[in-house]
Amino acid sequence: MVREWWHTPTDYEAQVEYFAKRSLTGLIQFLVGLGVGMVGLIVMISQWSGDAPAGTAVRVVSIVFITAMYVWSWVWWLRPWPSYRLSHAFLINVDVGVTVVTLLNQKVLSGMFGLSALLLVSFYIIFFDGPKALAVHSFWAVSSIAAMSVEIAIIGGGDPVLAFVKLLSGGALAVAPIAAHFGIWALRNEANEASNDPLTGLLNRRGLNLHIDDLLRGHRKRAADVVVIVIDLDRFKIVNDRFGHSVGDEVLVRCARRLESAVHGGALVARVGGEEFVVVDVLQPGDWVAVADRIRVALCGRDDHAPITASIGITAAAITHFAESGCDHAELLGDLVTRADEAMFVAKRGGGNAVSYLPPISDAVRTSR
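Counting in the numbering used here, the sequence shown runs without a single skipped number right up to 700 at its last residue.
If you want it as structure tokens, here you go:
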């Protein structure tokens, strides 16, 4: 499990999108900018202390750091969310800057300042970056705290016990964020598994409800239909009885892969029952005809081991209906799935291996078909 966590690719955009969907990015940008600004303010105030180093070089480095922190505050407060590269530049700037100014201003900036500032960076990485970035940051943080401890114990003629305590604090700084990142990753994986079908890897019914907003985003300003397609494999029980359940599972996985290849890459594909699948996509009016037929043909391979056909039911609602005030997207999607399921039974009663369309029941849901 640890190996899987370590090799998990960082999906920075998805992490940011998670908070954007909940209208939290503005608050987070404000808090990050505030934290960075406070770091700069602390260093600036420390320069007025009588114990602050008098050397010109130290003052110049401190002023450059303070300026950089205020610039980053401006970036977080007034600019869009930083790109992945800019985020890394931000992390490097803060990590290196905090270490340098703390070492140069040890009398007025104790190791606790460096520890606290680097811990703030750890919190940011926990939520918006991966384990490798956190490991690099943690190594840098421990090395920085070790250097500060050496300066206290040897160079400054300070208390070795205090230096050792600060070194132990650096170890906690490394271990605690990594443990937190691993725990959040495990919880996120468990949540993802709860929204996916374990056999095929497709979404389940809960996953459809969770991801419908992702599908709608970016399509609301153009005329289109939200198309719901229900696919039920014909005579699947015969496949299980004749070939066994293991082959039946292979057929389900095969159909899942073919469904994914037959539809648009952004479409939602789910397994919602034993041999029942659902596809939800945003299409131009009338395009569902070609998509449905492509699905039907893709599932029915003549040379397949344990060949199968499918009955397909379709319904569609104008996407503008989802944009109406007070619309519960999951509830409306459920109504459309129910209607498409009824259309599927029409196709099945006709002998299967067919496509049937039914308009939504509600008069309020007008399609542009």
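We treat Cβ as the ideally placed atom computed from N, Cα and C, and that holds for glycine.
Beta-carbon gap between residue i and residue j smaller than 7 Å
i: Val-594; j: Ile-643; result: no
i: Thr-341; j: Phe-350; result: no
i: Lys-448; j: Val-370; result: The sequence given here has Ala at residue 448, not Lys. Yes, the Cβ-Cβ distance between Ala-448 and Val-370 is below 7 Å.
i: Trp-412; j: Val-363; result: no
i: Val-558; j: Asp-672; result: no
i: Leu-534; j: Ala-601; result: yes
i: Leu-664; j: Ile-569; result: no
i: Phe-513; j: Trp-336; result: yes
i: Val-431; j: Ala-383; result: no
i: Ile-397; j: Met-375; result: yes
i: Val-610; j: Ala-598; result: yes
i: Arg-537; j: Val-603; result: no
i: Phe-421; j: Trp-403; result: yes
8 Å Cβ shell around residue i - same chain, five flanking residues per side excluded
i: Asp-694; result: Caution is warranted here: a pLDDT of 44 is assigned to Asp-694, below 50, making its placement in the model unreliable, and the coordinate value is therefore given only provisionally. Hits under 8 Å: none found.
i: Pro-462; result: Trp-336, Trp-337, Thr-339, Ile-509, His-512, Phe-513, Trp-516
i: Ser-418; result: Tyr-343, Phe-459, Asp-460
i: Arg-457; result: The displayed chain sequence assigns Ile, not Arg, to residue 457. If we look at Ile-457 and ignore the five residues flanking it on each side, its Cβ neighbours are Leu-465, Pro-508, Ala-511, His-512, Ile-515.
Other residues of its chain near residue i: CB distance less than 7 Å, five sequence neighbours each side excluded
i: Leu-530; result: Asp-580, Leu-583, Val-584
i: Val-696; result: Low confidence applies to Val-696: its pLDDT is 49, below 50, so where it sits in the model is not reliable, and the reading given next is rough at best. Excluding sequence neighbours, Val-696 sits near Ala-648, His-652.
i: Ser-699; result: In this prediction, Ser-699 has a pLDDT of 39, which is less than 50 and means its spatial position is unreliable; nothing more can be read from the coordinates.
i: Val-392; result: Val-431, Val-432, Leu-435
i: Lys-352; result: Asp-544
Candidates the options, of which the one nearest residue i by Cα
i: Asp-666; options: Leu-539, Gly-461, Ala-464, Arg-680; result: Leu-539
i: Ile-373; options: Val-429, Ala-555, Val-506, Leu-630; result: Val-429
i: Ser-474; options: His-512, Thr-433, Thr-387, Phe-513; result: Thr-433
i: Cys-631; options: Val-620, Pro-616, Arg-566, Gln-615; result: Arg-566
i: Ala-641; options: Trp-619, Phe-608, Val-613; result: Phe-608
i: Ala-678; options: Ile-397, Met-400, Asp-624, Arg-573; result: Asp-624
i: Leu-446; options: Ala-505, Ser-418, Trp-405; result: Ala-505
i: Leu-546; options: Asp-426, Pro-491, Asp-612; result: Asp-612
i: Phe-470; options: Met-400, Val-427, Val-496; result: Val-427
i: Ala-503; options: Arg-410, Leu-450, Thr-669, Leu-422; result: Leu-450
i: Arg-548; options: Val-406, Ala-654, Ile-394, Asn-527; result: Ala-654
i: Ala-477; options: Leu-499, Arg-536, Ala-621; result: Leu-499
i: Glu-662; options: Leu-541, Trp-619, Arg-627, Asp-618; result: Leu-541
i: Trp-407; options: Phe-361, Arg-670, Tyr-455, Gly-604; result: Phe-361
i: Asp-528; options: Arg-627, Ala-399, Ala-587, His-576; result: Ala-587
i: Asn-571; options: Ile-394, Ala-525, Tyr-688, Ile-639; result: Ile-639
i: Asp-618; options: Tyr-688, Ala-674, His-660, Met-675; result: Tyr-688
i: Met-479; options: Val-467, His-468, Met-443, Tyr-455; result: Met-443
i: Arg-589; options: Gly-532, Ala-345, Met-332; result: Gly-532
i: Tyr-415; options: Ser-380, Asp-635, Tyr-455, Gly-381; result: Tyr-455
i: Val-481; options: Thr-387, Phe-495, His-468; result: Phe-495
6 Å CB neighbourhood of residue i in its chain, flanking five on each side removed
i: Val-578; result: Ala-637
i: Gly-681; result: none
i: Ser-453; result: Pro-508
i: Val-389; result: Leu-435
i: Phe-574; result: Ala-637
i: Ala-385; result: none
Residues that DSSP places opposite residue i in a beta bridge
i: Ile-560; result: Val-610, Ile-645
i: Ala-472; result: According to DSSP, which records beta bridges pairwise, Ala-472 is partnered with nothing at all.
i: Ala-685; result: Ser-642
i: Asn-527; result: Leu-534
i: Val-600; result: Val-610
Whole-Å CB distance - residue i paired with residue j, under 8 Å assumed
i: Thr-646; j: Pro-690; result: 7 Å
i: Glu-606; j: Leu-564; result: 4 Å
i: Ser-377; j: Asn-424; result: Going by Cβ atoms, the distance from Ser-377 to Asn-424 rounds to 19 Å, so no, they are not a contact pair.
i: Gly-366; j: Tyr-401; result: Not a contact, Cβ separation roughly 13 Å.
i: Arg-627; j: Asn-684; result: 7 Å
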